[in-house]
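Engineer: In our numbering, the protein residues as written are 253 to 437.
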Amino acid sequence: MEKFSVVKSKAIKILNDNIDTDIIIPKQYLKTIYRTGFQDYAFHPWRYDKDGNEIEDFPINKYKGYEILISGNNFGCGSSREHAAWALRDVGIKVIIAMGYSDIFMNNWYSNGLLPIIVSKDVRDYLASLDEEIEIDLEQQLIKTNEKDFKFDISKVNKDRLLSGRDYIDETLEYESLIKEYEGE
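Right, dumping it as C-alpha cells:
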C-alpha cells in the first residue's frame with residue numbers, strides 16, 4: 253500500500269444518494285482475483301451507452317485524472333465487493349467525500365489505502381459548487397479550499413495505516429517472529 257498524505261485535485265461530482273456496488277462495478281466484471289485493470293468497469297452502467305460507447309458528459313469520462321469524488325449519502329451500499337474499491341482506484345480516485353458510506357465499502361476503501369471522508373450535506377454542497385482544486389491533508393485532517401477549510405474525522409488506526417502505507421497484512425507480519433515462536437518453529 254502506498255503512503256497517503258496530501259491529495260490536491262479538482263473533484264468529480266456524482267451527487268446521487270445510494271450509489272450501490274452494482275453501479276460502481278457490475279457483477280459480470282468480478283470474475284478475476286487480480287486487483288488491477290478495472291478502470292473501464294467503474295460506473296459502467298452510467299459511463300457507456302447500450303452500444304458500449306463512452307457517454308462523453310458522464311463525470312468520470314469528462315474529468316479524467318481527477319483524484320477526488322464528491323457524492324451523496326450511503327455511497328457503496330449493496331453487496332460487498334472489494335472490486336468496487338479497485339475500480340474507483342483504477343480510474344484515479346484516491347478520496348471520496350460523501351455524506352455517508354456503507355460500512356463494508358468504507359472498510360474496503362481504507363484497506364486499499366484510500367480515504368473516505370464523511371461530511372454534512374452543507375459541506376458536501378459547498379464543495380460540489382466549487383470549480384477549483386481541493387486539498388485533502390490527512391495529517392491535519394483538513395479539506396482545504398481557497399476560501400474555507402473543513403475538519404474531518406478519521407479513527408487513529410485508519411489514519412496511521414494510511415499515513416504509514418501499512419495494511420492489515422503488514423501489521424500481522426510485524427508479529428511473525430512471535431507467531432513462529434508460538435507455533436514452535
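C-beta atoms are modelled at their ideal positions from N, C-alpha and C, and glycine is treated no differently.
(1) Quick one: residues in its chain with C-beta nearer than 7 Å to the C-beta of Ile406, no 5 flanking neighbours on either side, listed in chain order?
(2) Using a 10 Å radius around the Cβ and a threshold of 16 neighbouring Cβ atoms, would you call Arg376 buried or exposed?
(3) Unbroken beta strand (DSSP E) runs of length 3 or more, entirely within the segment 384-421: which are they?
(4) Quick one: which unbroken beta strand (DSSP E) runs of 3-plus residues sit fully inside the segment 293-319? Chain order, please.
(5) Ordered along the chain, which non-local residues of its own chain (more than five positions away) have a Cβ less than 6 Å from that of Val259?
(6) Could you say which of Glu391, Asn410 and Leu379 lies nearest to Thr397 if we only look at CA atoms?
(7) Any contact between the segment 291-307 and the segment 321-333? By contact I mean 3 or more CB pairs, one from each, below 8 Å.
(8) By DSSP, does Phe290 sit in helix, in strand, or in coil?
(9) With distances taken between CB atoms, is the gap from Ser332 to Ile356 smaller than 8 Å?
(10) Closer than 8 Å by C-beta to Gly352: which residues in its own chain qualify, once you throw out the five before and the five after it? Chain order, please.
(11) Buried or exposed for Asn360, please, with buried defined as at least 16 other CB atoms from any protein chain shown within 10 angstroms of its CB.
(12) For Ile277, which option in Glu254, Ser363 and Gly330 has the closest C-alpha, if you only look at C-alpha atoms?
(13) If you reduce the DSSP assignment to three classes, tell me which class Tyr353 lands in.
(14) What three-state label does DSSP hand Val259 in the structure shown?
(15) Is Ser257 buried or exposed, if buried means 16 or more other CB atoms sit within 10 Å of its CB?
(16) For Lys207, which residues in the same chain have their Cβ closer than 6 Å to its Cβ, ignoring the five residues on either side in sequence?
(17) In whole angstroms, give me the CA-to-CA distance for Ser261 and Ile312.
(18) Between which two residues does the beta strand (DSSP E) holding Leu367 run?
(19) So, helix, strand or coil for Asp269, using DSSP?
Structural biologist: Straight from the coordinates:
(1) Gln393
(2) buried
(3) 386-389, 394-396 and 401-403
(4) none
(5) Glu319, Lys346, Val347 and Ile388
(6) Leu379
(7) no
(8) coil
(9) yes
(10) Asn325, Asn326, Phe327 and Ile370
(11) buried
(12) Gly330
(13) strand
(14) strand
(15) exposed
(16) Lying outside 253 to 437, the shown extent of the chain, residue 207 is not represented and no answer is given.
(17) 14 Å
(18) Leu367 to Ile370
(19) coil
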